[in-house]
Structure formats: C-alpha cells, structure tokens
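Asker: When you read off a place in the sequence shown, starting at 1, and then add 115, the result is the number in our numbering.
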Amino acid sequence: MGEIIVYIAIAIVSIGVGFFLAKSVLRKSIVKDSESLMEAAKEKLQEAKERMEESREKAEVIKKEKILQAKEKFLQLRSEHEKLINERNSKIQVTENRIKQKESTLSKKIEEAQRKQREFDALKNNLENQLEILDKKQEEVDKMHKNQVKMLEEISHLSAEEAKKELVETLKGEAKSEAMVHIKDIMEEAKITANQQAKKIVIETIQRTAAEHAIENTVTVFNIDSDAIKGRIIGREGRNIRALEAMTGIEIIIDDSPDAILLSGFDPIRREVARLSLQKLVTDGRIHPARIEEVVAKTKNEVEQEIIERGKRTIIDLGIHNVHHELIKLIGKMKYRSSYGQNLLAHSIEVANLSATMASELGLNPKIAKRAGLLHDIGKIAENEAELPHALLGMKLAEKYREKHDVCNAIGAHHDEIEMETMIAPIVQVCDAISGARPGARREIVDAYIQRLKKLEGLALAYPGVVKTYAIQAGRELRVIVGADKVTDSEADKLSYELSRQIQEEMTYPGQIKITVIRETRAISYAK
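1) Using a Cβ-Cβ cutoff of less than 7 Å, which residues in the same chain neighbour E441 once the five nearest sequence positions on both sides are dropped?
2) Which residues in the same chain have their Cβ closer than 8 Å to the Cβ of A156, if we skip the five residues on either side of it in sequence?
3) Is it buried or exposed, M449, if we count other Cβ atoms within 10 angstroms and call 16 or more buried?
4) Note down, in chain order, each residue of its chain lying with its Cβ closer than 7 Å to the Cβ of R634, except the 5 sequence neighbours on either side.
5) Using DSSP with H/G/I as helix, E/B as strand and the rest coil, what is L477?
6) Where K482 and K495 are concerned, what is the direct C-alpha to C-alpha distance, given to the nearest angstrom?
7) Report the partner residues of V581 according to the DSSP bridge assignment.
8) I'd like the list of long-range same chain contacts for I349, defined as Cβ closer than 8 Å, with 5 residues on each side in sequence excluded.
9) Give the range of the beta strand (DSSP E) segment to which T631 is assigned.
10) Taking 8 Å as the limit between beta carbons, can you name the residues of its chain near L489, skipping five residues before and five after?
11) Determine the burial state of E162: buried for a count of at least 16 other Cβ atoms within 10 Å of its Cβ, exposed for fewer.
12) Determine, using beta carbons only, whether I539 and E592 come nearer to each other than 8 Å.
13) What whole-angstrom Cβ distance do Y578 and L614 have, given they're in contact under 8 Å?
14) Go through its chain and collect everything with a Cβ distance to E417's Cβ below 8 Å, but skip five positions before and after it.
15) Could you have a look at N524 and say whether DSSP puts it in helix, strand or coil?
16) Using 8 Å as the cut-off, can you tell me whether the segment 468-481 makes contact with the segment 542-550, which would need three or more C-beta pairs spanning the two stretches below that distance?
17) Is H260 buried or exposed, if buried means 16 or more other CB atoms sit within 10 Å of its CB?
18) Going by DSSP, what residue range makes up the beta strand (DSSP E) through E366?
19) Using only the alpha-carbon positions, how far apart do D382 and H403 sit?
20) Can you list, in chain order, the residues of its chain whose CB lies under 8 Å from that of L396, leaving out five sequence neighbours each side?
21) Look at the Cβ atom of I493, then the Cβ atom of I526, and state whether they are nearer than 8 Å.
22) Does DSSP put S640 in a helix, a strand or coil?
23) Beta-carbon separation of K570 and M622 under 8 Å?
24) Taking only the alpha-carbon atoms, compute the straight-line gap between R351 and A343 and give it to the nearest angstrom.
25) In whole angstroms, what separates the C-alpha of A484 from that of S379?
26) In the DSSP assignment, find the unbroken alpha helix (DSSP H) run with I431 in it and report its ends.
27) What number of angstroms, rounded off, separates the C-alpha of K188 from the C-alpha of K178?
28) Since S611 is in the alpha helix (DSSP H), which residue starts that stretch and which ends it?
29) Give the DSSP-derived three-state secondary structure of L469 in the structure shown.
30) Taking DSSP as the reference, what is the three-state secondary structure of S392?
31) Does the Cβ of T324 have 16 or more other Cβ atoms within 10 Å, making it buried, or fewer, making it exposed?
32) Applying the 10 Å Cβ sphere with the 16-neighbour rule, what's the burial state of Y451?
33) Since L378 is in the beta strand (DSSP E), which residue starts that stretch and which ends it?
34) Do you know how far the Cα of R142 is from the Cα of E150?
35) On the criterion of 16 or more Cβ atoms from any shown chain inside 10 Å, does A185 qualify as buried, or is it exposed?
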C-alpha cells in the first residue's frame, strides 16, 4: 500500500516536472515566434509607410494637375462667357443706336410736319382774309360798273345793247382785215415748214403700227459628252459644285437630263463665266476647289476683256467715233443680254442701222440717229438705280458721259417717259418697234405658260372638298378630283360652273379651258 502511494507520488512529481519543462519550452518558442513576427510586422509597417508616402506624393501631383485643368477650363469658360456678353452688348448697342436714330428721324419728321401744318394754317387764314377782301372789292367794282354804264347811256343817249351792236359791227370789220393779213402770213409759213410737218406726220403714222412683247432668259444649257462628268463636277460630298456656285454666283442644276447641265441665274455675264469655266475644267480634267477658283478668276478677266473688245469692234463697224470708254464697256455687255428674246447687241445694231437709213430718207443727220439707235437700250445694262425705267437711266448715263442733247433725248423718249424734242427721237422709237415686231424676232415666255398652269391648279385647290388638280392638254383642260364624302353630285356640278366663271374673270388665256370635276367612290376590302 505504501509502495503504491510512493509510485503515485513519483508519478505526480514527474507529471509536474514534465509540465513545467514543457511550459518553459513552449514559452521560449512563443517568445522566438513573437520576436520574428514583430520583426516582420516592423518591415511590413515600414513598407506600408513608404507606399503611403509614395501614394501621398502621387495624389499631390494628381491634385495639382486637376487644379490646373480646372483653372484652364474656368478661364476658357470665362473667356467664352465674356465674348458672348460682348457680342450681345454690341448687338444691343447697335440696336439702341438704330432706335435712337429712328427716334431722331421721327422727331425731325414730326417737327417738320408740325411746321408745315403751322405754315399751312397761316397760309389758309391769309387766303381766307384775302378772299373776303376780294369779295368786298368785287361788290364795289360791280356797283361802280353799273354806275358807269348808266352814266355812259345818259351821255351817248344809247342803251347798253345798242352800244354792243355798234361795237360788234366795228370790230367785225377790223377783225376781217387783220384776219386776212394773218391768213396770208400763215400760208407763207406753211409753205416753208410743209416739208418738216409732212415728215412728222409720216413718222407718227409709222409709230401707230409698232408692237411690243416681253421675254427674259435666265437659264443656259451646258452640254457634256457623258453623264460620268456630272459626278466629277459635283465632287466629293458636293465640294466642287459648291465652290463653282460660290465663285460664279450661278445655280448649277444637275438632274436626270441626259448629257446636259443647267446654269440658272439672272445675270447673263455670270452665266457665261460659269459656262466657259465649266468648259475649261471639263476639257482640262482637273476639277477641285483650288483649280475651280483659279479657272473662274481667269475666265472673269477674259470675259471682261472680251466685253471691251466687242464694244470697240461694234462702234468701229458702225462708224461711230468719240464714245466714252464706259459706254464702250456697256455696249460690249449687250452681247450677253437678251431684250424680249432678242440678243440686245444685235437688236441695238439693227436699230442703229434702221435709224440711220430712215434719217437719211427724211433728210436728217444719219450719224446722230445711228448713235442714238445703238445707245437707246443702254439703260438695261446698268447695275444701279434699278427703280428708274431703262430709258431714263440710259438717258442719265448718256448725259453723264457727255453725249449730245439730241442723242440723250432720243434715248429717254423712246418709250415716251419724257417729251420728244427732236426728230431723231421718234425715229429711234419707230426703229426699236420695227426691230422687235418683225416676224421671228421675239418669242413667247415659257415662265408665263408655267405660271398660268400653276394658277389654274391653285384656283381649283382653293375650293373646299378638292383633293387634287391637274392642268392637262397644255392648259386647255383642268381635271379636278374631289372627295366623295365631302362633295355630292349636285355640288360637283356647281363647283365646275363656279370654277369656270372664276377662271373667265381672273385669267387671260388663248381658246377655251375645259373643267372636269371627278367624284369617285371606292369600296375596298381585304380577303385574308
């Protein structure tokens, strides 16, 4: 029993010693591990500090960059804002100036009107006073006249009627003798001026037969060899055609017309520049904006030179001398202008030759007549003062460039804008009418025909219930389609009649126009 207790005691002691030794060893290992972990933690902490420092530096750089970008953007926005404000302020200032100017002008006009009204009132009062005075004086004169008549009757022992008869008889005898003298003088003068009066009568008779029509050309057709050239003229994204239109001022129409391009514009010289430029570009093959600008500029100079040369050749051919160089340039421009469908230069040359011939036949100066005939339509070429008739504008130009009075009067009077003062003026007027009235000289305008068709269709479309209109048979028939749910059969008959009456009253047309009103009902269904 005692041995067992000893063994137990020894075992307990052994366990305690073993536990103590194990604890000691474990503590040492824990200490070592803790030291190694502390070293590693210190290294990680140092590395983290380094990374944080590096991140802080990068953040500062990025922060500075963003601040700079924000400042630049702010300055840009402020500049744009200031620019916009300045533009608005300038526009407001311009508008204010205009308003102030208009107010000033209006105030002046009001003051002028008030001044004129005051003058008018004063003049009116003055006239009324003078009329009153005149009425009083007239009454006094009538009284005095009656008194004098009575006194004369008493002195002459004749009544007023008897005195009148004696006076009339006396005056008749004197008038007959004086009339015979005047008749003799008139007969002598008539013999001297008979030739001139006969010429005037002949010219006035010719004038009564003159006729006039109107036409203008605004389109030139440029022919091409193949439709492939159209694409080259248009260019990439249309840059070539835009450059051409911008440089020439002419609208270039490229459509489905085979082998043709239309040049549309009211200025014939610009159309000619565009035509010649296109011809050069197509022939050369190099078509791009820079080349277009070069060719158009060169062509403009060539056309201007051709205008001057043509003007010089014309006056040399007609034998006209001492013409101002500006008038020569205007004469050359006539080549590119049409007058009522005629070439203006050819028409003016024809009028000049006719005027010279007629002046020679009538014993007048053919050179002055020829000069006036050539220059009679010069006002159609001028680019300023478009509000004046071309005859008056041509007269002003002729006066400006020191043409003779006979020539200026003939130019200004050839459409009766001013009074004819010389025999040359009616000659030029007649020859102008003869040149235009001869068969084939002039043609009917196409635009008037198109406008007539449009007006026909527009009149019908104005009626309620009309859906579509078609002018067919060259405008001799008008088809009007109405809605079946809006117009009844009786209303369709009424529409046809009213439309025919309106066309008769509002339009001018050759022959007659047939109006057909169509009312159609359709029943539609679908089989599925």
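Virtual Cβ for every residue (Gly too), placed ideally from N, Cα, C.
Answerer: Taking the coordinates as given:
1) Working through the sequence shown from its first residue, we reach residue 441 at position 326. Cβ within range, chain order: Y516.
2) Taking the sequence shown and counting its residues from 1, the one referred to as residue 156 is at position 41. Leaving aside the five residues that flank A156 on each side, none in its chain has a CB nearer than 8 Å to its CB.
3) The count along the sequence shown starts at 1 and reaches residue 449 at position 334. Around the beta carbon of M449, 16 or more other beta carbons lie within 10 angstroms, which makes this residue buried.
4) Here residue 634 refers to the residue found at position 519 of the sequence shown. If we look at R634 and ignore the five residues flanking it on each side, its Cβ neighbours are V597, A599, V602, D604, A607.
5) Indexing the sequence shown from 1 puts residue 477 at position 362. It is coil, neither helix nor strand.
6) In the sequence shown, counting from the first residue as 1, residue 482 sits at position 367. In the sequence shown, counting from the first residue as 1, residue 495 sits at position 380. Their backbone Cα atoms lie some 23 Å apart in a straight line.
7) In the sequence shown, the residue the question calls residue 581 occupies position 466. DSSP lists V597 as partners of V581.
8) By one-based count along the sequence shown, residue 349 stands at place 234. For I349, where only same-chain residues beyond five positions count, the Cβ hits under 8 Å are N355, I356, I369.
9) As a working note, residue 631 is residue 516 in the sequence shown. Residues 629-635.
10) In the sequence shown, residue 489 corresponds to position 374, counting from 1. Counting only Cβ-Cβ distances below 8 Å, and skipping sequence neighbours, we find T429, I430, L433, I435, I446, S463, I464, V466, A467.
11) Residue mapping note: residue 162 aligns to position 47 of the sequence shown, counting from 1. Exposed: under 16 other Cβ atoms inside 10 Å.
12) Walking along the sequence shown from the start, residue 539 turns up at place 424. Walking along the sequence shown from the start, residue 592 turns up at place 477. Cβ atoms of I539 and E592: not closer than 8 Å.
13) To locate residue 578, count along the sequence shown from 1; it is residue 463. To locate residue 614, count along the sequence shown from 1; it is residue 499. Going by Cβ atoms, the distance from Y578 to L614 rounds to 7 Å, so yes, they are a contact pair.
14) As a first step, residue 417 is located in the sequence shown; it is residue number 302 there, counting from the start. Cβ neighbours of E417 beyond the five flanking positions: L391.
15) Here residue 524 refers to the residue found at position 409 when the sequence shown is read from its first residue. Correct three-state label for N524: helix.
16) yes
17) Position 145 of the sequence shown, counting from 1, holds the residue named residue 260. Its Cβ having fewer than 16 others within 10 Å, H260 is exposed.
18) Indexing the sequence shown from 1 puts residue 366 at position 251. E366 -> beta strand (DSSP E) spans 366-368.
19) Mapped onto the sequence shown, residue 382 falls at position 267. Mapped onto the sequence shown, residue 403 falls at position 288. Approximately 25 Å between the Cα atoms of the pair.
20) To locate residue 396, count along the sequence shown from 1; it is residue 281. So the list reads I348, I402, R406, I407, V410, once near-sequence residues are dropped.
21) Reading the sequence shown from its first residue, position 378 is the one you call residue 493. Reading the sequence shown from its first residue, position 411 is the one you call residue 526. Taking 8 Å as the Cβ cut-off, I493 and I526 qualify as a contacting pair.
22) Locating residue 640 in the sequence shown gives position 525, where the first residue counts as 1. Here S640 sits in coil by DSSP.
23) Indexing the sequence shown from 1 puts residue 570 at position 455. Indexing the sequence shown from 1 puts residue 622 at position 507. With contacts defined as CB atoms closer than 8 Å, K570 and M622 qualify as a contacting pair.
24) For the purposes of this step, residue 351 is taken as residue 236 along the sequence shown, with counting starting at 1. For the purposes of this step, residue 343 is taken as residue 228 along the sequence shown, with counting starting at 1. C-alpha separation (whole angstroms): 14 Å.
25) Working through the sequence shown from its first residue, we reach residue 484 at position 369. Working through the sequence shown from its first residue, we reach residue 379 at position 264. For A484 and S379, the distance between alpha carbons rounds to 37 Å.
26) To locate residue 431, count along the sequence shown from 1; it is residue 316. Unbroken alpha helix (DSSP H) run through I431: 404-433.
27) Mapped onto the sequence shown, residue 188 falls at position 73. Mapped onto the sequence shown, residue 178 falls at position 63. For K188 and K178, the distance between alpha carbons rounds to 15 Å.
28) Sequence index remark: in the sequence shown, residue 611 carries index 496 (1-based). It spans 604-621 - the alpha helix (DSSP H) in which S611 sits, taken as one unbroken run.
29) Here the question's residue 469 lines up with position 354 in the sequence shown. Note: L469 maps to helix in three-state DSSP.
30) Walking along the sequence shown from the start, residue 392 turns up at place 277. S392 carries a helical assignment under DSSP once its states are collapsed to helix, strand and coil.
31) Mapped onto the sequence shown, residue 324 falls at position 209. Only weak support is given to the placement of T324: the predicted model assigns it a pLDDT of 33, under 50, and the value that follows is read from those uncertain coordinates. Exposed, because fewer than 16 other Cβ atoms sit within 10 Å of the Cβ of T324.
32) In the sequence shown, the residue the question calls residue 451 occupies position 336. The residue is buried, with at least 16 neighbouring Cβ atoms inside 10 Å.
33) Position 263 of the sequence shown holds residue 378. Residues 375-379.
34) Stepping through the sequence shown from its first residue, residue 150 is reached at position 35. Stepping through the sequence shown from its first residue, residue 142 is reached at position 27. Distance between the alpha carbons of E150 and R142: 12 Å.
35) Translated into the one-based positions of the sequence shown, residue 185 becomes position 70. The C-beta of A185 has fewer than 16 other C-beta atoms within 10 Å across all chains shown, which makes the residue exposed.
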